[in-house]
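The structure under discussion appears below in the form of structure tokens.
4 protein chains.
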Amino acid sequence: MNDDFRQFAKVPPKGWNSWDSYGASVREEEVKRNADYMSAHLKQYGWQYITVDIQWYEPTADSSKYHDFTPLLMDGYSRLLPDPNRFPSAANGNGFKSLADYIHHLGLKFGIHIMRGIPRQAVHHASSIKGTDKTARDIALNNICPWNSDMYGVNVDLPEGQRYYDSLMELYASWGVDFIKCDDIAHSVIYKGTHKKEIEALRKAIDRTGREMVLSLSPGPAPVENGALLRQTANMWRITDDFWDEWPLLLNMFDRAEKWSPISRPGNWPDCDMLPLGHIGIRSVDGPGGNRQTRFTKAEQKTMMTLWSITQSPLIMGGELTDLDDWTTSLLTNKELLNMDDQIIEKYQTHRDKNVIVWYASSPANQYHALFNISDGDLSLPASKVSELGIPLNGHDIWKNGDVSISANQPVRIGSHDVYLIKNADN
Amino acid sequence: MNDDFRQFAKVPPKGWNSWDSYGASVREEEVKRNADYMSAHLKQYGWQYITVDIQWYEPTADSSKYHDFTPLLMDGYSRLLPDPNRFPSAANGNGFKSLADYIHHLGLKFGIHIMRGIPRQAVHHASSIKGTDKTARDIALNNICPWNSDMYGVNVDLPEGQRYYDSLMELYASWGVDFIKCDDIAHSVIYKGTHKKEIEALRKAIDRTGREMVLSLSPGPAPVENGALLRQTANMWRITDDFWDEWPLLLNMFDRAEKWSPISRPGNWPDCDMLPLGHIGIRSVDGPGGNRQTRFTKAEQKTMMTLWSITQSPLIMGGELTDLDDWTTSLLTNKELLNMDDQIIEKYQTHRDKNVIVWYASSPANQYHALFNISDGDLSLPASKVSELGIPLNGHDIWKNGDVSISANQPVRIGSHDVYLIKNADN
Amino acid sequence: MNDDFRQFAKVPPKGWNSWDSYGASVREEEVKRNADYMSAHLKQYGWQYITVDIQWYEPTADSSKYHDFTPLLMDGYSRLLPDPNRFPSAANGNGFKSLADYIHHLGLKFGIHIMRGIPRQAVHHASSIKGTDKTARDIALNNICPWNSDMYGVNVDLPEGQRYYDSLMELYASWGVDFIKCDDIAHSVIYKGTHKKEIEALRKAIDRTGREMVLSLSPGPAPVENGALLRQTANMWRITDDFWDEWPLLLNMFDRAEKWSPISRPGNWPDCDMLPLGHIGIRSVDGPGGNRQTRFTKAEQKTMMTLWSITQSPLIMGGELTDLDDWTTSLLTNKELLNMDDQIIEKYQTHRDKNVIVWYASSPANQYHALFNISDGDLSLPASKVSELGIPLNGHDIWKNGDVSISANQPVRIGSHDVYLIKNADN
Amino acid sequence: MNDDFRQFAKVPPKGWNSWDSYGASVREEEVKRNADYMSAHLKQYGWQYITVDIQWYEPTADSSKYHDFTPLLMDGYSRLLPDPNRFPSAANGNGFKSLADYIHHLGLKFGIHIMRGIPRQAVHHASSIKGTDKTARDIALNNICPWNSDMYGVNVDLPEGQRYYDSLMELYASWGVDFIKCDDIAHSVIYKGTHKKEIEALRKAIDRTGREMVLSLSPGPAPVENGALLRQTANMWRITDDFWDEWPLLLNMFDRAEKWSPISRPGNWPDCDMLPLGHIGIRSVDGPGGNRQTRFTKAEQKTMMTLWSITQSPLIMGGELTDLDDWTTSLLTNKELLNMDDQIIEKYQTHRDKNVIVWYASSPANQYHALFNISDGDLSLPASKVSELGIPLNGHDIWKNGDVSISANQPVRIGSHDVYLIKNADN
């Protein structure tokens, strides 16, 4: 049984994605700017993916709002192409080859977003499918994405349907793509679930290219019942609808992460979505909207980074990297935290009540305990309570970067929405 | 408050529809043939509507199966037109005018089927909308019918969206259409319910024509919770998914009819769907499929006719009229039954157990009791049991066309799936 | 078919119920005090029912909170009896006979609340069932009310199960009860719906007494799909969960009322629940809780009274009558409003957008238009908009008690959550 | 974090349970007879648990049907006791001590079934709770099992609620119980899910005894979303409603097993329910009912044994052991199959279409491929198809107990509902 693809993502992928800052409208110079910054300042901490999100083929895209039924750039085989006005190096049908080269030269990896399916304009114009005598009309299904009008589903029970996905992955591999984020596939509101057959077709198509392209599936929440299928086909998949800088969404992630924890393993990473940190919303109006610094408090940012890392979610930064301040940088370069994300081999929630949630994780060398204050007030927990929650009184406080030793009459204080994260070395 | 439209259907409409026999593929000569027959043999019993069902604008239609994404005949204003190959009188953009005239001359009324929305081909080609400077692209919504690929929904919150529906009804009124069966509107599986706004737009558009066009909504099951809206907008609406000649579907209709009985009133008729009687499936492969005589037993046919009539469902014959045999004709020309359908003013189920269901209805002049044997064996009910079920021992047996008087030691015998229907005159 | 029971409530019942003020703990003197007040001040306006709500058989009841598994007062036939400590006239097994007499002498009617089923204590003690040789153990079902631990369901397919309900109604009729509010029967959260068989058993049991006892079913929301059954068995049924003085609940009632409007008719009244007006929460801690004046603004109180009346909901006052102030009294004694509630024969919602909802009703003599401002700001609607909403510019303003005539350049002003209610006489 | 309990069931438990043969009515001599047989004939193959299923405390139990509200045997602390008429060694309050001793002396382990909660009779009589001054009335919750009337839920947020569960496990440990099958806890139809808090209370209570008692949770289907909780608390849990000898139930198990495969690991075994093999239904009338030999064909029996083993379900025999025939014995003593069940460390479905399902599993030493024919006809698969499904052409056929080597022009034949199971040694 072939699960070699799990090797493409031995640790949870870490990178940057254009959506949280630029919506559907990112431009080549913005992508390069963020890649340059990552290479210079973050690469050494394990950050490596630079991903262009949705609608790089849409000439009029200007925010996170879509222009329904707008004509898209397409080649003769019903495959979408980057718009040269937004991506000058894509002129003359070059696709993303040059941009990928640029990013590779920085020592990084290049990702693109795609939508499940085949362009509707190809279907209504009966465009060709590479290597077949069928047209887009013959392989399309009458099913759609409910929130974007670009594509129809593809009937992969037909050899020509599989061939279409093959031809897509062939093209992307030829560009040098390293990471495919496929959308409208992990969960559909109107079709109540996962588009399983098209996921399997994607897996086959990627494997046939021979190129190590990480497969990331969106949107969420993917149903936990599909965990077995997802483990056999994808490197990561979204367990949540779009995530933004709002506490209720962060609080809700604890539930989702708990449900998925038994399914996570190397090469198969349940994904809590991008990190809306630092300067975001530059041309995106989604979520709470607005060109802004993240609305999360510092406590909430630590909580998010801890939850994502202790559950081994991929870490995909959403904010503009060139605008990073010291605080945000400190979150992205916390070596102990990133090691935890990379090295743990088991993790699960051990306690939840109305005030606190406790997670435990272990790596071959260490044990980790995270104590989250989910209440709206500060908490002062006596040592006895900390012990009762299964948390050792001595250890290394990862966020304070110092050893702690709690005596019997000394409480642990955790601010509202903040976290206490302790590492213990096995002996 | 305008509910004048209820006058368009003072009694439950009775007619013929092409679907059960010809699927999406009926041709002009077949329509005329059935109209001729109805005029000659059934009109005198109250039958009057002749309806061309789905896809009269699809040149390649050949059965009840749709050809996804096929080009359709359309005028310059994004309005579909009958295909002249199938409807020769529609040549030169004449639409259904000639066919409607023909049917009117027979003393009958003419109906057509339409799909909710605007053709996708109009949207992807940005075709014009009559009386506006917008195009189909501007008023379309990214929502679809899950089982047919012809149309997108229309945004009727835009004046141009309403104007599109106005322009449609204007065209149909100019042809002389008397009956509009609008599909993909009363219930959508993927959108969980009724497309309310487009129903309201249709109501306005019809009222603006000044023509008395009956409005019939499909498919079912329309949710009972939308009964209030449906009563204010439509003359009839489907309470069931497609109905075919299978006992489980007929048995199931008792449930549906029971739920809807309080909502039914003159001009607002919950619709149990077409009557798959006689010769059906000629070019339709839906349901159990096959070119066939109805698979219902005679008992089941009586049960169906009784249930439809005592709940005042519209009666729309599905079989080819020119192939009617004596038995089937007797079902369609039972004067007492048809009177019940037209004249009752209250009706409801009074009893249900695992063997029998009892319905009661009353007209200004009569009371009706129907005793259905839903069990798989014959039943012999003693007079005492009949009385206990609230059914008088004396009366007129509508199916036997004779008076009955049950004595104490004489049981009523009802075959499996058969019905006993008694009329009593008030005195 | 016997629907004589519809005569028991020719107009929507109007009365007082102890729940909103006293929860499960009302005492005899409080009931009498409210009856005295109603007789003196409200009877002339049509108010007539005085109802003792839940747990009059529970000796330790002291608020709206239940004491799970507490022993209850019961007779030898598994029938609950009023606690003489709370109802002194019930001593010596007299039941509610004396209290009913007292209320009848005031020219009013007497109602009691009961729970579906048979006391669990009777079941676990195998108590007798009147007129049978079975015990409570033999007729009980293993089903419960999810929010109260007093009863088990009854198997009314057994003759002894029906006999138990007969014996209950026999007892209540002998006391002189005029109104039965049966709870845990119209909707069950855990059993997903209506306890249909026990409703039918209750109908039979009441009819067998020969006494005109109004049957009211709780809690809600009863499913609209059960409308046909409810019309054949009950005089009123709850269409909502418990209603309290909170705007979101009131706003939500518009939806519910709209769905039920086609089902309502004389003798069958969908019920929006008690009116939490005036002084409430005296010993009830439900809903927002607290011994208080209603938290509804005056505008909201008018909106509630209008919605209840124009949809012909029963009007059951929840506040302590002896504490009525002039404002609240004016709501309960608005003759025009109460006439509308009694006399209209059709009513439905004609428009809804994010700011306004419009209802229309007609009686043999009058037409009514209600324009509700559901927005959180004041509205000023030009005459043209009022006309477009189908509301005449001239008429009688029921809340201002004066005629109005709106000229073209004069807007109608409606405060946030307030209502404009116009009556027009047919001529 | 304490997950020591996973050591209690290092391999999927194998044993016998009284339900499939004796329903709620098994007697001591029957239990001993099956234990004797297991010890003599099956123990050497890994079979070791002998479990007394539901209602050993119910004196009148005589089949799989329950006698609602019947008095049960109980000690002074609200704890149920075995009925001495059915279990003579339980006389004088000895409980199951003697029976457990007997089974231990045979080299086997002893299991009992319990219902979640506290006896209703204890609640309505306010019986004592050991080690507390509260009564059953104080700790009971108004929630029930929908299919059995014995118990109420327990409020384990109260210390006395936890104490009750502690006192239960204390008693069972003192008897020498090795296996607790707790029912009405893994899934409740009326409460939509898992009773999580009471599962956690059980885990604590067992751990506090210091005795290695396997915890098995019923009924199913437990929701996959609760997998993380179940892995931290239980050794096995039902993933299906009651399983019987009917093909649709067996076919359906493929779905369930697929969903749960990523959650299964040593000490945490998703449970496909008992094996209805051999002579069953002796005093059970559940499922298809009847005192009978299993209705599964031999092919289906092989399919069941293969699916249970390749997914590492516990194997709990339901048929009377002393009536085993050679065929059935061969199923229970197939060493290769039992080794697969014990030794595999990964397993998942790799293919499913309308005719075949393929599973793969691997142990440290071997790889396994199972090819199930789920169609209603025999299949003949060419070697090329077998290879395409990822199944090697050479290997050891476990059911035929011989090596196979398929040549290019030799098809693999699999009868309807049968299975082809191949083992390959890693080299």
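These protein sequence lines are chains A, B, C and D, in that order. All residue numbers for the first sequence refer to our numbering, where the first residue is 65 and numbers rise by one. All residue numbers for the second sequence refer to our numbering, where the first residue is 65 and numbers rise by one. All residue numbers for the third sequence refer to our numbering, where the first residue is 65 and numbers rise by one. All residue numbers for the fourth sequence refer to our numbering, where the first residue is 65 and numbers rise by one. No residue lacks a Cβ here, since even glycine has one placed at the ideal position from N, Cα and C. Note that the structure is predicted; figures quoted are calculated from it, not measured.
Rounded to the nearest angstrom, how far is the Cβ of residue i from that of residue j, given a contact under 8 Å?
| i | j | result |
| --- | --- | --- |
| D:Y113 | D:K74 | Rounded, the Cβ-Cβ distance is 14 Å, inconsistent with contact. |
| D:F307 | D:P340 | 7 Å |
| B:N430 | B:H481 | Not really, about 25 Å apart at Cβ, beyond 8 Å. |
Listing by chain order, which chain B residues have their CB less than 9 Å from the CB of residue i?
| i | result |
| --- | --- |
| C:S142 | Simply none; closest approach about 27 Å. |
List the DSSP bridge partners of residue i.
| i | result |
| --- | --- |
| B:P131 | In the sequence on display, residue 131 of chain B carries His and not Pro. Answer is none; B:H131 lacks a bridge partner. |
| A:W423 | A:Q413 and A:A434 |
| D:M138 | D:L144 |
| B:V192 | Contrary to the premise, residue 192 of chain B reads as Ser rather than Val in this sequence. Bridge partners of B:S192: B:T199. |
| B:Y484 | B:L435 |
| C:I208 | C:Y216 |
| B:C246 | B:I178 and B:L281 |
| C:R493 | Since the first residue of chain C shown is 65 and the last is 491, residue 493 of chain C is not available in this structure. |
| D:W80 | D:I114 and D:M381 |
| B:R329 | B:N332 |
| D:V476 | D:L445 |
| B:H460 | B:D467 and B:K487 |
Helix, strand or coil for residue i, going by three-state DSSP, please let me know.
| i | result |
| --- | --- |
| D:Y216 | strand |
| B:A286 | coil |
| C:W311 | helix |
| C:L379 | strand |
| D:M300 | strand |
| A:G291 | helix |
| D:P123 | coil |
| B:G225 | helix |
| D:L339 | strand |
| D:K173 | strand |
Mind pulling the chain B residues with CB within less than 7 Å of residue i?
| i | result |
| --- | --- |
| A:A88 | The premise fails here: A:A88 is roughly 15 Å from chain B at the closest Cβ pair, so nothing lies under 7 Å. |
List the residues of chain A that residue i touches, going by C-beta distances under 9 Å, in chain order.
| i | result |
| --- | --- |
| B:V450 | Near B:V450 there are no residues of chain A at all, since even the closest Cβ is about 48 Å away, more than 9 Å. |
| B:A204 | D132, F133 and S213 |
Check the Cβ of residue i against every Cβ in chain C and list those closer than 7 Å, keeping chain order.
| i | result |
| --- | --- |
| B:E322 | A292 |
Interface residues of chain C around residue i at Cβ under 8 Å?
| i | result |
| --- | --- |
| D:Y255 | I254 |
Query - Interface positions of the stretch 101-133 of chain A facing chain B (Cβ-Cβ less than 9 Å), listed along the chain - result: Y130, D132 and F133
Report task. Using a Cβ-Cβ cut-off of less than 7 Å, give me the residues of the stretch 284-296 of chain C that come near chain B, in sequence order. Result -> V288, E289, G291, A292, R295 and Q296
Requested in this report: Could you run through the stretch 207-230 of chain D and flag, in chain order, every residue whose CB is less than 9 Å away from some CB of chain C?
Outcome: N207, I208, C209, P210, W211, N212, S213 and Y216
Report task. May I ask you to list, following chain order, the residues of the stretch 324-347 of chain B that have a beta carbon less than 9 Å from some beta carbon of chain C? Result -> When CB distances to chain C are screened at a threshold of 9 Å, the residues of the stretch 324-347 of chain B falling below it are W324, S325, P326, I327, R329 and N332, in chain order.
Report task. Could you list the residues in the stretch 174-187 of chain A with a C-beta less than 9 Å from some C-beta on chain B, going in chain order? Result -> R184, Q185 and V187
Requested in this report: Could you run through the stretch 400-418 of chain A and flag, in chain order, every residue whose CB is less than 8 Å away from some CB of chain D?
Outcome: Y412, Q413 and T414
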